[in-house]
Amino acid sequence: MVALLLGTGQAARAQAPDTAALAHAEFLALVEQFHPVARQAALNPERARQDIRQARGGFDPTINGKYYGKQLKGTEYYHDWETYLRLPTWFGVDVKAGWDRGTGPYINPQEFTASGGLSYVGLSVPLGQGLLIDERRTALRVAQALAGLAEAERRAIRNKLLLSASKDYWEWALATERLRLLTANELVAAVRFSGIRQRVLAGDLAAIDSVEAQAELQNRQSQRVAARVQLQNANLVVSTYLWDDNGRPRELPPQARPQPLPPPVAWRPLAPDSLAALAAQARQLHPDLLKTRVKQVQLGLENRLLLNKLLPKFNVDYNLLLPGRPFALENNPQPFQGGYSTNNYKLGLSLSQPILLRAERAKRQLNQLKLRDATFQLDNDQRLVDNALQTAANDWQALLEQLRLQQQATANYQRLRDGELIRFDNGESTVFLVNSREASLLSARQKLAELQAKYAQTQAQLRFAAGGAEAPTLGFDALPGLK
1 MVALLLGTGQ AARAQAPDTA ALAHAEFLAL VEQFHPVARQ AALNPERARQ
51 DIRQARGGFD PTINGKYYGK QLKGTEYYHD WETYLRLPTW FGVDVKAGWD
101 RGTGPYINPQ EFTASGGLSY VGLSVPLGQG LLIDERRTAL RVAQALAGLA
151 EAERRAIRNK LLLSASKDYW EWALATERLR LLTANELVAA VRFSGIRQRV
201 LAGDLAAIDS VEAQAELQNR QSQRVAARVQ LQNANLVVST YLWDDNGRPR
251 ELPPQARPQP LPPPVAWRPL APDSLAALAA QARQLHPDLL KTRVKQVQLG
301 LENRLLLNKL LPKFNVDYNL LLPGRPFALE NNPQPFQGGY STNNYKLGLS
351 LSQPILLRAE RAKRQLNQLK LRDATFQLDN DQRLVDNALQ TAANDWQALL
401 EQLRLQQQAT ANYQRLRDGE LIRFDNGEST VFLVNSREAS LLSARQKLAE
451 LQAKYAQTQA QLRFAAGGAE APTLGFDALP GLK
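Printed below as a string of C-alpha cells:
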C-alpha cells in the first residue's frame, strides 16, 4: 500500500488489489514521515541547535589588531601597533595575550615602547557583576533551555496533525462502511422489487405493492448515491495528508480502503490503573506543560542575571609584561619560560555603581512577576490537561456502554425484520411494514458504525490528551492482526 501511495516504480505496479488496505497505523506513519507540516515541525530542533551554537559563539576566542600612524610634511609623528588574543572562559575570567609597539617622537608617552615592542599575558577578572553569572553564560543556558521548548513545539504540532489525521481517517472508514450498508440495503430492495413485481404479474399481490417496493428501491438508490459522494469527499480529505518523500502531494489509489471499524473484540474498558498512568505521563510529556516549564527555567536564569546586576561593576586587569616579541627567538630563545616577571606588570582597576539602582530593581521585579505568571499558567495548564484526560476517559467509558446497547438494539431490529419477512411470506404483513423494519435496522446499523468510528476517534483523543503519540496504544490497534 505504501508503494501504491508513493508511486515507487515497479514496486507500485506489482501491488495486488488485495493489498490495498491502508491500516490506521500505516497511515499515521506516512503522515508523520512525509507531511509538510510534520517536516516543518522537525526543523524546530535544528533551529534550537543553531541557537545554542550561536550562544556558544560568546565564548569564541577573538584576535584583535589595530595600527595608527601619522606622517606630515616629511615629519614622522608616531607608529602605534596593538595586537592581542582574547580567550573568554566559562567562569567569567578572560585570558588575554598580546603585543604592543609605540614609537615616534610624538607618541603618547603612555603608549611608548622600545623598538622591539612589548608583549604581555594577563587576566581580566570581574569581582562584582559577571563573577557568578553574566550575559554570555545566561544566553547559553537560555538557548539550551529553549531547545526543550523547540522540542515541545515540534511535538505539539506533530500531535495536533496526527490527531486531525486520525479523526479524518475514521471518518473515511465510517463513510466506507456507510456506503457498504446502503449498497447492501439497495440490493435487498432491488431483489424484493423484482420478486414482488413477478407476484403482482401472477396476481398474488396487489399492484400497489409493486409501487411501494419500487418507491423504496428508488429511495435507497438515492441514499446510496449520497453515501458515495460522502465517501468521495472523505477520500479527498484523507488524500490531503498523503505526500511522497519528494514533497509532492499524492492521491489515494482507487482500490485503497481503510481498515474496518473497531470490532466488538476491541471494545475494552480502561484498566483501573491506566488513567493514573496516563495522567502521570501527561505531566511529563504534554507539550503545553513542557513549554510552560521551559519558560519558568528561562525566567529563572534571567532572574539570576538581574540579581547579579545589583552588584557593582568591579573589574581587575592584570598583565605580565615582557619587552620584545614573545616569539622572537633571537631575543628570547625560550619564550614564556622565565621571561615574564611579577616585577613587570600592568594593573587596571575599574569601579562603577548606580546610586539608586531603579532600572535594575524594576527589571528584576518585572521578571519575578513573569515568574509568578508562569507558575499560575502552569497550574492552570495542569488542570486543563487533567480535565481533558478525564473527559476523554469518560467518553471512552460512555461509548463502551453505548456500543454494547446499540449492538443489542441492532440485533433486536434484525430479529424484528426477519420476523416481519416471515409474516410477509405467510401473507400476514405488507411491503410497507417490511420496508419500515428494514429502515429501522439500517438506521441502527449506521448508528452502530458511527459509534464505532467515534470510539476509535476517542482513543486518538485520549492519547493526545496524555501527551501525544508517545502515549501507549490502549485500543484495538494493539490487537494482533489489526495493524
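For the sequence shown, full-length UniProt numbering gives the first residue as 1, with consecutive numbering after it.
Every residue gets a Cβ at the ideal spot worked out from N, C-alpha and C, and that includes glycine.
Quick caveat, the model's predicted, so the values are computed rather than measured.
Using DSSP with H/G/I as helix, E/B as strand and the rest coil, what is Y215? Residue identity differs from the one stated: residue 215 is Ala in this sequence, not Tyr. Under the three-state reduction of DSSP, A215 is assigned to helix.
Could you check the C-alpha separation between P264 and L182 for me, to the nearest Å? Rounded to whole angstroms, P264 to L182 spans 21 Å at the Cα level.
Quick one: Cα of L307 to Cα of Q365, how far? One C-alpha to the other measures close to 10 Å.
Proximity of Y78 and A97 at Cβ, strictly below 9 Å: In this structure, the beta-carbon distance from Y78 to A97 does not fall below 9 Å.
Which residue or residues does DSSP assign as beta-bridge partners of W81? According to DSSP, W81 bridges with Y67 and R101.
Using alpha carbons as the reference points, say which of Y106, L311, L389 and Y318 lies closest to L351. Nearest C-alpha to L351: L311.
Between the stretch 155-173 and the stretch 283-299, are three or more C-beta pairs nearer than 8 Å? Judged by Cβ distances under 8 Å, the stretch 155-173 makes contact with the stretch 283-299, as three or more pairs qualify.
Do three or more CB pairs link the stretch 136-143 to the stretch 48-55 at distances below 8 Å? Yes, they touch.
Could you tell me the distance, in whole angstroms, from the CA atom of P260 to the CA atom of L389? C-alpha separation (whole angstroms): 26 Å.
Could you tell me which uninterrupted alpha helix (DSSP H) segments, each at least 4 residues in length, are contained entirely in the stretch 282-333, listed from first to last along the chain? Taking only runs of at least 4 residues, the alpha helix (DSSP H) segments lying wholly in the stretch 282-333 are 287-308.
Taking all protein chains shown into account, decide if A466 is buried (16 or more other Cβ within 10 angstroms of its Cβ) or exposed. It counts as buried.
Contacts around E76, its chain only, beta-carbon distance under 7 Å, and the 5 residues preceding and following it disregarded: Counting only Cβ-Cβ distances below 7 Å, and skipping sequence neighbours, we find G104.
Runs of beta strand (DSSP E) lying entirely within the stretch 386-421, each at least 3 residues, in chain order: Listed in chain order, nothing qualifies, since the stretch 386-421 has no complete beta strand (DSSP E) run of 3 or more residues.
Residue from Q457, R463 and N64 whose Cα sits closest to the Cα of W170: The shortest Cα separation from W170 among Q457, R463 and N64 belongs to Q457.
So, G122 versus K346, is the Cβ gap smaller than 9 Å? Yes; because the gap between Cβ atoms is below 9 Å, this pair is in contact.
Paired residues, beta bridge with P61 - DSSP: For P61, no pairing in a beta bridge is given by DSSP.
At a cut of 8 Å, does the stretch 432-440 reach the stretch 392-408 through at least three beta carbon pairs? Judged by Cβ distances under 8 Å, the stretch 432-440 makes no contact with the stretch 392-408, as fewer than three pairs qualify.
Straight-line Cα distance separating N303 from residue 490: The question about residue 490 has no answer here: the residues shown for the chain are numbered 1 through 483.
Run of the alpha helix (DSSP H) containing K346, from where it starts to where it stops: Per DSSP, K346 belongs to no alpha helix (DSSP H); it is in the beta strand (DSSP E), Y345 to S352.
When burial is assigned at 16 or more other CB atoms within 10 Å of the CB, is Q33 buried or exposed? Exposed, because fewer than 16 other Cβ atoms sit within 10 Å of the Cβ of Q33.
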